Every structure is written in C-alpha cells, then in structure tokens.
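*Asks:* Quick one: the structure is below, and I'll ask about it shortly.
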Amino acid sequence: MMKKMMLAALAAVSVIAMTGCSSFQTAANLNRVKIIPGAQSQDYQAHINAEVWGVYLLGAIPMFTGSTLTPGRCTFFNDTVNVSSAVGMATKLTRSRLNADKIYDLQTTTDCAWIIPSGIFWYKSVQVSGNVCR
Numbered sequence: 659m660m661k662k663m664m665l666a667a668l669a670a671v672s673v674i675a676m677t678g679c680s681s682f683q684t685a686a687n688l689n690r691v692k693i694i695p696g697a698q699s700q701d702y703q704a705h706i707n708a709e710v711w712g713v714y715l716l717g718a719i720p721m722f723t724g725s726t727l728t729p730g731r732c733t734f735f736n737d738t739v740n741v742s743s744a745v746g747m748a749t750k751l752t753r754s755r756l757n758a759d760k761i762y763d764l765q766t767t768t769d770c771a772w773i774i775p776s777g778i779f780w781y782k783s784v785q786v787s788g789n790v791c792r
C-alpha cells in the first residue's frame, strides 16, 4: 500500500514538474477598441498576463516554482512566487517579445492556499496584468 502511494506521489510530482509553473500571454486582437487613453490608432496595443505559481513546504520553503527567466519551465527550491519576480518577468518579456516600452494599469494578484489532503504543502501564485503600448 505504501509503495503504491509513493509511486502515485512521484507520478504526480513528475507531471506537475513537466508542466509550466509560469506563463506569459498576450491578447492583441482588440477589435479596434482603444484600451489605453490617448493612444493613437496606429500605436500597437495589447493586454498582457503573466503568472508564476509554485508549491511550498509549510508555506515557506519552496519545493518547485515557476521560472521567471524562461516561462513554461519549473525551478526547484527557488522562491520566485513573489510580486517583484512576477513584475520583473512581465516587464522583461513585454520589452523583448512585444518591443513595447509602456505598461498601463499594471495590477497584481496574489493567492495562497493550503493543499488540503497533504497538510504540509501550500500552493502560492502571483498574477500580473496590464495594457502595453509602443
């Protein structure tokens, strides 16, 4: 019985580690709606959303978290689930991928929840969203 539980836990951790713990998404199809006051019709505008999440031991020790250097990857034992790391990822990728240099209405949301069956693991996440223009 214990062997099956350990195998199931190892499989769950492997699946989670293979999925991305961080993401950066853009929405540029705005149907000619100006989302930034004062922007000209020829200006590039988009909405961005960046997210970093991870699993922590006792709510303080990072087990695996999202990589802020390469979204879609996980890192182990690095505390990247915080507002400064998420904003840093969002601004860096806004500049490099979208060639935009202005972010308006930047907002962050944090979440922390106890993973009920385990008793010792916590889920934390940070989301950053805003409107960009170049």
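If you read the sequence shown in the numbering used here, its first letter stands for residue 659, the second for the next number, and so on.
Yeah, the Cβ is synthetic: ideal placement off N, Cα and C, and Gly gets one too.
From a predicted model like this one, the values you see are computed outputs, not experimental measurements.
In angstroms, rounded to a whole number, what distance separates the CA positions of T729 and N689?
*Replies:* Position 71 of the sequence shown, counted from the start, is the residue given in the question as residue 729. Position 31 of the sequence shown, counted from the start, is the residue given in the question as residue 689. For the record, residue 729 in the displayed sequence is Pro; it is not Thr. Answer to the nearest angstrom: the Cα atoms are 28 Å apart.
*Asks:* What are the partner residues of P720, as DSSP defines its beta bridges?
*Replies:* For this step, residue 720 is matched to residue 62 along the sequence shown. P720 is bridged to Y714.
*Asks:* Do the CB positions of Q784 and N740 come within less than 8 Å of each other?
*Replies:* On the sequence shown, position 126 is the one that residue 784 refers to. On the sequence shown, position 82 is the one that residue 740 refers to. In the sequence as presented, Gln is not what sits at residue 784; that position holds Val. Cβ atoms of V784 and N740: closer than 8 Å.
*Asks:* Going by the DSSP bridge assignment, what does Y702 pair with across the sheet?
*Replies:* In the sequence shown, the residue the question calls residue 702 occupies position 44. BP columns for Y702 are empty, so no partner.
*Asks:* In terms of alpha-carbon separation, which member of T684, N757, K662 and M660 lies closest to V786?
*Replies:* Walking along the sequence shown from the start, residue 786 turns up at place 128. Selected option, being the one with the closest Cα: T684.
*Asks:* Got a sec? Which residues, its chain only, sit under 6 Å from L764 by beta carbon, not counting five neighbours each side?
*Replies:* Taking the sequence shown and counting its residues from 1, the one referred to as residue 764 is at position 106. Cβ neighbours of L764 beyond the five flanking positions: G788.
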